[in-house]
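Peer 1: By this note's numbering, the letter at position 40 of the sequence shown is numbered 54, and the numbering carries on one by one without gaps.
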Amino acid sequence: MYAVIKTGGKQYRVTEGQRLCVERLEGNPGDKLTFDQVLLVSGDSVKVGSPLVAGAKVSAEIVLQDRAKKVVVFKLRRRKNYRRKQGHRQPFTELKITGIEVS
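1. Give the single residue among D58, K20, Q32 whose Cα lies nearest to the Cα of P65.
2. List the DSSP bridge partners of D45.
3. Please look up how many angstroms separate the CB atoms of V72 and A17, rounded, as I've assumed it's under 8 Å.
4. Between the Cα of D50 and those of L39, A68, G57, spot the shortest distance and give me the residue it belongs to.
5. Skipping 5 residues on each side, what residues in its chain have a beta carbon closer than 6 Å to that of H102?
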């Protein structure tokens, strides 16, 4: 059984027991979350929402709050003595999917 959920402006295909990195969510490791924005649920039959599946929930547990590896942004204009170097680390939340419910 799998579901498609929407969080952080993105859509993710999740199954029970899966670990998933999503955009930063509020909470501490060990906290439980419930996602109500379920777009599709597949089990014995496929249920597609318009836009959401009524009564469907996906529960998850926060495993980790961290930041991703550094991305270096380097701008250069040749022969103009223009150089700009900037780094960025995107925060993320790692989740473990604990259950998919359809009522």
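Built from N, CA and C at the ideal position, the CB exists for glycine as well. Note that the structure is predicted; figures quoted are calculated from it, not measured.
Peer 2: So, to answer that:
1. For the residues D58, K20, Q32, the minimum Cα distance to P65 belongs to K20.
2. Beta-bridge partners assigned by DSSP to D45: none are found.
3. 5 Å
4. A68
5. V85
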